[in-house]
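Chains as they are written, first to last, in our numbering: chain G, 5 to 271; chain Y, 250 to 534.
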């Protein structure tokens, strides 16, 4: 009885240790991958590849991000009004909508939508290129797929998400205006002037943009690495696509707490 | 000429070989794929590597192309040790090679013309008019000049492989690696590919390395053959000598016999025990 229990425990510890080693190895691979693919000398051809990816990753994500921003701004205004009006403070609606969006909701929700819309597509596209040996054939032609396929997608993600986040915030504030001012009758002057008085460029807009940039790096990195590192079968592609969305969402939400604590929590 | 092949029995090449493989060992996990392979691939000839499915023929091509690293031994291409080269030097060496993949591996976001033009665009500064002429020449040589505007999704399997062949020879390489070029082809496409490989190898004086298990087609184009099984070279020689080889392993493969040293049955318990013994769940030991 005792030896078998001991063997079982040993096997479990071994399994745990192996899993730990695999995780560390995978993180190391992902780090080397990011460094190798994102660092390099820009070229004219690289610019045109990047521009093309900006279209796929950025322009095609505009609709979902802007529509979501509009609805979230509208809901914020509606919820905020019903609470603020009890205290006679509905004049502060503009301030509430703008700060919520700029500091928190725009970077986080845009990153989550980006992971679902663009991140999963990046993983599936690169994974399919791997499964059909396109990456291998590129290597055999003497072209480094990290520079040709991965780098333009990484840089497109790094740039596109912060721009999408700005769009999300602008449309969200406008959505709040539509509901708060046009529908619920908050005074237009106080909606805008309160916002102007309370929103600081560096600490609110700037910190929101830093968050967005961090999320852009993390989400695009996860998406592209998952595509590049997957098992090249149909099941492998489906699993990697799921992993991209799950890991990205968890990373965004976890990092958001850390960044908020550092930026606004006085840490 | 050759029976079962000891390491010292290299192919009888007069010239210095283009590829030399020495004591190559490679394993995946616990599974040994190669246990000391030695080969010499001569310049300007068609050499075939044959063997049953799962013997690691494609893995061998990846080791030659530097995509995998051996556990022991070395691969020399034109005197350069592939696995000791820097990443930059390896990519430079690959410009002198072309590879035809089993699936064709055409870039799905580019049409036929752009696929063939790809190596020319990334490795040369030729003017557009010259790139156009070169691409059309290569496509003409594989009979697909008229298909230049099609996307890879619109091509049949045989056509895709021919476009891939045009792309593989776009830079006029010295060496072309063919990974199972005849798999899954109808008789007409197969005939076309056999002719193309033979004709292009002769016309361009290519060193061709064909990995295949299609005996008839491979014997018809190869100048020299290596037969690998169980992680080792079991025989090598010209098509005629291999055809006449009496070694049961060689004979079974060359003549397509269903049973022999490579057994028909996957290793299992004795049949009567499985049928008459106590019932056990599927897969239980």
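We treat Cβ as the ideally placed atom computed from N, Cα and C, and that holds for glycine.
Owing to the predicted nature of the structure, the values given are computational and were not obtained by experimental measurement.
Nearest neighbour of residue i, chosen from the options [CA to CA]
i, options, result
"residue 300(Y)", "420(Y), 440(Y) and 428(Y)", "428(Y)"
"residue 189(G)", "249(G), 75(G) and 86(G)", "86(G)"
"residue 191(Y)", "313(Y), 309(Y) and 350(Y)", "Outside the shown range of chain Y (250 to 534) lies residue 191(Y), about which nothing can therefore be said."
"residue 232(G)", "116(G), 152(G), 265(G) and 217(G)", "152(G)"
"residue 383(Y)", "374(Y), 366(Y), 270(Y) and 372(Y)", "366(Y)"
"residue 255(G)", "60(G), 104(G), 112(G) and 177(G)", "112(G)"
"residue 166(G)", "246(G), 47(G), 200(G) and 209(G)", "209(G)"
"residue 346(Y)", "410(Y), 424(Y), 318(Y) and 316(Y)", "424(Y)"
"residue 187(G)", "58(G), 82(G), 28(G) and 70(G)", "82(G)"
"residue 109(G)", "266(G), 260(G), 269(G) and 268(G)", "260(G)"
"residue 303(Y)", "330(Y), 293(Y), 280(Y) and 527(Y)", "280(Y)"
"residue 191(G)", "56(G), 69(G) and 96(G)", "96(G)"
Per-residue burial, residue i [other beta carbons within 10 Å of its own, 16 or more giving buried]
i, result
"residue 283(Y)", "buried"
"residue 140(G)", "buried"
"residue 516(Y)", "exposed"
"residue 99(G)", "buried"
"residue 437(Y)", "exposed"
"residue 291(Y)", "buried"
"residue 521(Y)", "exposed"
"residue 368(Y)", "buried"
"residue 237(G)", "exposed"
"residue 156(G)", "buried"
"residue 320(Y)", "exposed"
"residue 294(G)", "This structure cannot speak to residue 294(G), because chain G is shown only from 5 to 271."
"residue 49(G)", "exposed"
"residue 32(G)", "exposed"
"residue 11(G)", "exposed"
"residue 426(Y)", "buried"
"residue 164(G)", "buried"
Residue-level contact to chain C via CB, residue i, 8 Å cutoff
i, result
"residue 213(G)", "Of the protein chains in this structure, namely G and Y, none is chain C."
Distance, residue j Cα to residue i Cα
i, j, result
"residue 226(Y)", "residue 462(Y)", "Shown here, chain Y extends from 250 to 534; a query on residue 226(Y) therefore has no answer."
"residue 239(G)", "residue 133(G)", "15 Å"
"residue 457(Y)", "residue 421(Y)", "13 Å"
"residue 43(G)", "residue 35(G)", "12 Å"
"residue 485(Y)", "residue 435(Y)", "29 Å"
"residue 250(G)", "residue 445(Y)", "49 Å"
"residue 205(G)", "residue 215(G)", "14 Å"
"residue 227(G)", "residue 474(Y)", "44 Å"
"residue 334(Y)", "residue 470(Y)", "32 Å"
"residue 490(Y)", "residue 20(G)", "55 Å"
"residue 143(G)", "residue 481(Y)", "28 Å"
"residue 58(G)", "residue 274(Y)", "45 Å"
"residue 184(G)", "residue 24(G)", "52 Å"
"residue 196(G)", "residue 67(G)", "26 Å"
"residue 17(G)", "residue 440(Y)", "58 Å"
"residue 405(Y)", "residue 447(Y)", "22 Å"
"residue 63(G)", "residue 168(G)", "9 Å"
"residue 175(G)", "residue 38(G)", "33 Å"
"residue 201(G)", "residue 135(G)", "55 Å"
"residue 381(Y)", "residue 121(G)", "38 Å"
Three-state secondary structure assigned by DSSP to residue i
i, result
"residue 347(Y)", "strand"
"residue 518(Y)", "coil"
"residue 16(G)", "helix"
"residue 446(Y)", "helix"
"residue 297(Y)", "strand"
"residue 335(Y)", "coil"
"residue 132(G)", "helix"
"residue 306(Y)", "helix"
"residue 261(G)", "helix"
"residue 562(Y)", "Residue 562(Y) is absent from the structure shown; chain Y starts at 250 and stops at 534."
"residue 192(G)", "helix"
"residue 57(G)", "helix"
"residue 251(Y)", "Any reading at residue 251(Y) needs caution, since the residue's pLDDT is 43, under 50, leaving its predicted position unreliable; the model's value is listed next. Here residue 251(Y) sits in coil by DSSP."
"residue 256(G)", "helix"
"residue 26(G)", "helix"
"residue 274(Y)", "strand"
- request: May I ask you to list, following chain order, the residues of the stretch 74 to 105 of chain G that have a beta carbon less than 9 Å from some beta carbon of chain Y?
  value: The stretch 74 to 105 of chain G vs chain Y, Cβ under 9 Å: nothing.
task: With 8 Å as the limit, tell me which residues of the stretch 348 to 369 of chain Y have their beta carbon closer than that to any beta carbon of chain G; keep them in chain order.
output: Those residues of the stretch 348 to 369 of chain Y that come within reach of chain G (Cβ to Cβ, closer than 8 Å) are 348, 350, 351, 352, 354, 355, 356, 357, 367 and 368.
message: To be precise: take each residue of the stretch 141 to 164 of chain G, compare its Cβ to all Cβ atoms of chain Y, and keep it if any distance is under 9 Å. Which residues remain?
response: Hits within the stretch, in order: 141, 142, 143, 144, 145, 146, 147, 148 and 152.
message: Closer than 7 Å between beta carbons: that is the criterion. Which residues of the stretch 299 to 314 of chain Y meet it against chain G?
response: If the cut-off is 7 Å between Cβ atoms, the stretch 299 to 314 of chain Y has 314 near chain G.
message: So if I threshold CB-CB distances at 7 Å, which residues from the stretch 383 to 399 of chain Y count as touching chain G?
response: Look at the stretch 383 to 399 of chain Y: it has no residue with a C-beta under 7 Å from a C-beta of chain G.
- prompt: At a Cβ cut of 7 Å, what residues of the stretch 121 to 138 of chain G count as close to chain Y, listed as they run along the chain?
  reply: If the cut-off is 7 Å between Cβ atoms, the stretch 121 to 138 of chain G has 136, 137 and 138 near chain Y.
Members of the stretch 417 to 447 of chain Y that neighbour chain G once the beta carbon cut-off is set at 7 Å: For the stretch 417 to 447 of chain Y, the set of positions with a beta-carbon nearer than 7 Å to some beta-carbon of chain G is empty.
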